[in-house]
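Trainee: Please read through the structure below; I'll follow up with questions.
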Amino acid sequence: MIRETGTVLVFLAPLLAAFLLGGAGWYFSTMLLRPIRVIAYPERVLAVDEGEVALAPSHWAGQPGTWALRWTTGKSLLGPVRTANGTEVRRPVTGNPAPPPGTAVAVDAGPYDHPAELGLDAEEVTVPTPLGGCPAWLVPAPGSTWVVAVHGRGVDRRECLRALPTLHRLGHPVLIITYRNDDGAPVSPDGYYHLGDTEWRDLDAAAGYALGHGATDLVLYGWSMGAAITSAFLDRAAPERTAPVRSLVWDSPLLDWRATLRHQAGLRRLPRGSTELAALITRYRIGIDFDRFDLVSRPPRVRPPTLLMHGAADGTVPVASARALNAAAPGLGWPLRYVEVPDAEHTAVWNVDPERYAALLTEFLTEPARSR
Numbered sequence: 251m252i253r254e255t256g257t258v259l260v261f262l263a264p265l266l267a268a269f270l271l272g273g274a275g276w277y278f279s280t281m282l283l284r285p286i287r288v289i290a291y292p293e294r295v296l297a298v299d300e301g302e303v304a305l306a307p308s309h310w311a312g313q314p315g316t317w318a319l320r321w322t323t324g325k326s327l328l329g330p331v332r333t334a335n336g337t338e339v340r341r342p343v344t345g346n347p348a349p350p351p352g353t354a355v356a357v358d359a360g361p362y363d364h365p366a367e368l369g370l371d372a373e374e375v376t377v378p379t380p381l382g383g384c385p386a387w388l389v390p391a392p393g394s395t396w397v398v399a400v401h402g403r404g405v406d407r408r409e410c411l412r413a414l415p416t417l418h419r420l421g422h423p424v425l426i427i428t429y430r431n432d433d434g435a436p437v438s439p440d441g442y443y444h445l446g447d448t449e450w451r452d453l454d455a456a457a458g459y460a461l462g463h464g465a466t467d468l469v470l471y472g473w474s475m476g477a478a479i480t481s482a483f484l485d486r487a488a489p490e491r492t493a494p495v496r497s498l499v500w501d502s503p504l505l506d507w508r509a510t511l512r513h514q515a516g517l518r519r520l521p522r523g524s525t526e527l528a529a530l531i532t533r534y535r536i537g538i539d540f541d542r543f544d545l546v547s548r549p550p551r552v553r554p555p556t557l558l559m560h561g562a563a564d565g566t567v568p569v570a571s572a573r574a575l576n577a578a579a580p581g582l583g584w585p586l587r588y589v590e591v592p593d594a595e596h597t598a599v600w601n602v603d604p605e606r607y608a609a610l611l612t613e614f615l616t617e618p619a620r621s622r
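Just so it is clear: in the sequence shown, position 306 is 556 by this note's numbering, and no numbers are missing.
In structure tokens form, the structure reads like this:
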């Protein structure tokens, strides 16, 4: 009996391992593709006094720089950490009062919800895309070089607002777009994100909108998966749409989907091999070719001058991909300036030092080769 049981276990063990690995791969793929925005408030206010808020210690409570503090009914603005120890993190409250002690809150990289909060007028426009109308903010300015801003996966167009004052000051009209599966935008036919593989068509429509409403040149500005969308556009869109693109700005860009999946699997402690299986499952479900999203091996057809900013502390998209592209750029004929910020989390380069961020953006966009 013992010998027979052992034989059965030897036979079943590989099947069980394959089942578990397959389940992990399918779960990972589903998490990647489902456009569900989870609103969570994992932090807690301990005290509020003398213009300061004390938060329970956590990775996000101690983030450097300027952040928003959000709760179910409001938000305030936080300045850099003043003191931190094993029992609390204290930060100044620089805009709007903090909520009372005991409130569940989130420390959020995006402090603004609408251009009006920045003192800027914005028109709500509709970009006609292949799936239907996508809402966008159009912030007018006197120049003819328009910035088309593309947010990342799982967030919304508010992500782009931090750069808006600088872009407006430089005279650029800014079109802050939405794309399929965003709130207010059409849902993709299968209900899934396509990780840039189809979303670029909505950017293509937005570029056409800008060019049809007075733009003579374009600057593309992408955050996180917004970079994958812009790179797919530069690789696949018609020349009449890509030719006007004179420069590209990427904040915490997703430059290699496979590397990002490996990074995420490691953070989630998923079984070894789940990344490759998740990639295969994802390709089966949405038809994506991940090779086209490895920009070192497969750079886009059009490679304009690019400012790439990435945080060394990014826990979502590996900074190694940005370093690899920076090293490869000269051999790819890609004029690229790379700025790495030591303590910045994902899409939080602005938060660490807003003034430096504005200066970098201003310098890049006003260089003679990009000023028209």
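Note that the Cβ used here is the ideal one computed from N, Cα and C, for glycine as well.
Just so we're clear, the structure is a prediction, and the values are computed from it rather than from any experiment.
In terms of residue numbering, what span does the beta strand (DSSP E) encompassing Arg496 cover?
Mentor: Counting from 1 along the sequence shown, the entry for residue 496 is found at position 246. Note, Arg496: beta strand (DSSP E), Val495 to Asp501.
Trainee: Can you check the stretch 358 to 385 for any beta strand (DSSP E) of at least 3 residues that lies completely inside it and give the ranges in chain order?
Mentor: Counting only runs of 3 or more, we get 373 to 379.
Trainee: Using a 10 Å radius around the Cβ and a threshold of 16 neighbouring Cβ atoms, would you call Leu517 buried or exposed?
Mentor: Taking the sequence shown and counting its residues from 1, the one referred to as residue 517 is at position 267. Per the 10 Å Cβ criterion, exposed.
Trainee: Taking Trp321 and Val355 to be in contact with their CB atoms under 8 Å, please state how far apart those CB atoms are, rounded to whole angstroms.
Mentor: Residue 321 sits at position 71 when you count from the first residue of the sequence shown. Residue 355 sits at position 105 when you count from the first residue of the sequence shown. Their Cβ separation, rounded to whole angstroms, is 5 Å, which keeps Trp321 and Val355 in contact under 8 Å.
Trainee: Less than 6 Å between C-beta atoms, sequence neighbours within five positions excluded: which residues of the same chain meet that for Thr323?
Mentor: By 1-based counting over the sequence shown, the position of residue 323 is 73. Cβ neighbours of Thr323 beyond the five flanking positions: none.
Trainee: Roughly how far, in whole angstroms, is the beta-carbon of Ser502 from the beta-carbon of Val397, given that I think they are within contact range, below 8 Å?
Mentor: Looking up residue 502 in the sequence shown gives position 252. Looking up residue 397 in the sequence shown gives position 147. So it is not a contact: roughly 17 Å between Cβ atoms.
Trainee: Give the DSSP-derived three-state secondary structure of Asp454 in the structure shown.
Mentor: For the purposes of this step, residue 454 is taken as the residue at position 204 of the sequence shown. Asp454 falls in the helix class under three-state DSSP.
Trainee: Might you give, ordered along the chain, the residues of its own chain that have their beta carbon closer than 6 Å to the beta carbon of Gly382, omitting 5 neighbours on each side?
Mentor: Here residue 382 refers to the residue found at position 132 of the sequence shown. Closer than 6 Å at Cβ, skipping near neighbours: Pro436.
Trainee: Under 7 Å Cβ to Cβ from Asp433, same chain only, skipping five residues before and after it: list those, please.
Mentor: Here residue 433 refers to the residue found at position 183 when the sequence shown is read from its first residue. Excluding residues within five positions, the ones whose Cβ falls inside 7 Å are Asp406.
Trainee: Grab me the residues of Ala487's own chain with a C-beta within less than 6 Å of its C-beta, minus the 5 sequence neighbours each way, in chain order.
Mentor: The sequence position of residue 487 within the sequence shown is 237, counting from 1. Excluding sequence neighbours, Ala487 sits near Asp454.
Trainee: How many Å lie between Leu420 and Trp387 at the Cα?
Mentor: Here the question's residue 420 lines up with position 170 in the sequence shown. Here the question's residue 387 lines up with position 137 in the sequence shown. Going from the Cα of Leu420 to the Cα of Trp387 covers about 18 Å.
Trainee: One question on the structure: do Ala372 and Arg340 come within less than 8 Å of each other, judged by their Cβ atoms?
Mentor: Position 122 of the sequence shown, counted from the start, is the residue given in the question as residue 372. Position 90 of the sequence shown, counted from the start, is the residue given in the question as residue 340. Result no, Cβ atoms of Ala372 and Arg340 do not sit closer than 8 Å.
Trainee: What residues are listed by DSSP as bridge partners for Trp396?
Mentor: Mapped onto the sequence shown, residue 396 falls at position 146. Leu468, per the DSSP bridge assignment.
Trainee: Mapping DSSP to helix, strand and coil, what is Leu266?
Mentor: In the sequence shown, counting from the first residue as 1, residue 266 sits at position 16. Annotation note: pLDDT 39 at Leu266 (below 50); position unreliable, coordinate value reported separately. In the structure shown, Leu266 sits in a helix (DSSP, three-state: H, G or I).
Trainee: Given a threshold of 16 other Cβ atoms within 10 Å of its Cβ, counted over all protein chains shown, does Ser547 qualify as buried or as exposed?
Mentor: Against the sequence shown, residue 547 aligns to sequence position 297. Under this definition Ser547 is an exposed residue.
Trainee: Do you know offhand how far Arg553's Cα is from Val298's?
Mentor: The residue given as residue 553 occupies position 303 in the sequence shown. The residue given as residue 298 occupies position 48 in the sequence shown. Approximately 50 Å between the Cα atoms of the pair.
Trainee: Can you tell me whether Glu595 is helix, strand or coil according to DSSP?
Mentor: Within the sequence shown, residue 595 is the residue found at index 345, counting from 1. It is coil, neither helix nor strand.
Trainee: I believe Pro568 touches Ala509 by the beta-carbon criterion, under 8 Å. Please report the beta-carbon distance rounded to the nearest angstrom.
Mentor: As a first step, residue 568 must be located in the sequence shown, where it is residue number 318. As a first step, residue 509 must be located in the sequence shown, where it is residue number 259. With a Cβ gap of about 6 Å, Pro568 and Ala509 count as contacting.
Trainee: Can you tell me the Cβ-Cβ gap for Ser474 and Arg587, rounded? I've got them flagged as a contact below 8 Å.
Mentor: The sequence position of residue 474 within the sequence shown is 224, counting from 1. The sequence position of residue 587 within the sequence shown is 337, counting from 1. At roughly 19 Å, the Cβ-Cβ gap does not stay under 8 Å, so Ser474 and Arg587 are not in contact.
Trainee: What's the C-alpha gap between Ile638 and Val499?
Mentor: With the chain covering only 251 through 622, there is no way to say anything about residue 638.
Trainee: I believe Asp452 touches Cys410 by the beta-carbon criterion, under 8 Å. Please report the beta-carbon distance rounded to the nearest angstrom.
Mentor: As a first step, residue 452 must be located in the sequence shown, where it is residue number 202. As a first step, residue 410 must be located in the sequence shown, where it is residue number 160. Contact doesn't hold; Cβ gap of about 15 Å is too wide.
Trainee: If distances are taken between C-alpha atoms only, which option among Arg408, Lys325, Ala577 and Ala493 comes closest to Thr353?
Mentor: As a first step, residue 353 is located in the sequence shown; it is residue number 103 there, counting from the start. The shortest Cα separation from Thr353 among Arg408, Lys325, Ala577 and Ala493 belongs to Lys325.
Trainee: What is the C-beta distance between Trp317 and Asp358, in whole angstroms, given that I count them as a contact (C-beta under 8 Å)?
Mentor: For the purposes of this step, residue 317 is taken as the residue at position 67 of the sequence shown. For the purposes of this step, residue 358 is taken as the residue at position 108 of the sequence shown. Between Asp358 and Trp317 the Cβ distance is about 7 Å, and since that is below 8 Å, they are a contact.
Trainee: With DSSP run on the structure shown, which of helix, strand or coil describes Ala515?
Mentor: Translated into the one-based positions of the sequence shown, residue 515 becomes position 265. Of the three classes helix, strand and coil, the one that applies to Ala515 here is helix, per DSSP.
Trainee: Kindly indicate the opening and closing residues of the beta strand (DSSP E) around His560.
Mentor: Indexing the sequence shown from 1 puts residue 560 at position 310. Note, His560: beta strand (DSSP E), Thr556 to Gly561.
Trainee: Below 6 Å CB to CB, which residues in the same chain sit around Gly472 once its five sequence neighbours on both sides are set aside?
Mentor: Reading the sequence shown from its first residue, position 222 is the one you call residue 472. Once the five neighbours on either side are set aside, the close Cβ partners of Gly472 are Val400, Thr480 and Trp500.
Trainee: In chain order, what residues of the same chain have a beta carbon less than 6 Å from the beta carbon of Phe614, not counting five sequence neighbours either side?
Mentor: The count along the sequence shown starts at 1 and reaches residue 614 at position 364. Here the set comprises Leu557.
Trainee: Mind checking whether Pro623 and Ala334 have CB atoms under 8 Å apart?
Mentor: Here the chain covers residues 251 to 622 and nothing more, so residue 623 does not appear.
Trainee: To the nearest angstrom, how far is it from the Cα of Ala577 to the Cα of Arg412?
Mentor: In the sequence shown, residue 577 corresponds to position 327, counting from 1. In the sequence shown, residue 412 corresponds to position 162, counting from 1. Spanning the two alpha carbons is a distance of roughly 28 Å.
Trainee: In three-state DSSP terms, what is Trp321?
Mentor: As a first step, residue 321 is located in the sequence shown; it is residue number 71 there, counting from the start. Strand at Trp321.
Trainee: Bridge partners for Arg587 per DSSP, in chain order?
Mentor: Your numbering for residue 587 matches position 337 in the sequence shown. The partner list for Arg587 (beta bridge, DSSP) reads Leu557.
Trainee: On a CA-only basis, which of Ala465, Gly581, Ala562 and Gly446 is nearest Phe540? Give me that one, please.
Mentor: Position 290 of the sequence shown, counted from the first residue, corresponds to residue 540. That would be Gly446, whose Cα lies nearest to the Cα of Phe540.
Trainee: Using DSSP with H/G/I as helix, E/B as strand and the rest coil, what is Val405?
Mentor: For this step, residue 405 is matched to residue 155 along the sequence shown. It is coil, neither helix nor strand.
Trainee: Residues bridged to Ile531 by DSSP?
Mentor: Reading the sequence shown from its first residue, position 281 is the one you call residue 531. According to DSSP, which records beta bridges pairwise, Ile531 is partnered with nothing at all.
Trainee: Rounded to the nearest angstrom, what separates Leu313 and Met559 at their Cα positions?
Mentor: Reading the sequence shown from its first residue, position 63 is the one you call residue 313. Reading the sequence shown from its first residue, position 309 is the one you call residue 559. Rather than Leu, the amino acid found at residue 313 in this sequence is Gln. So the alpha carbons of these two residues sit roughly 18 Å apart.
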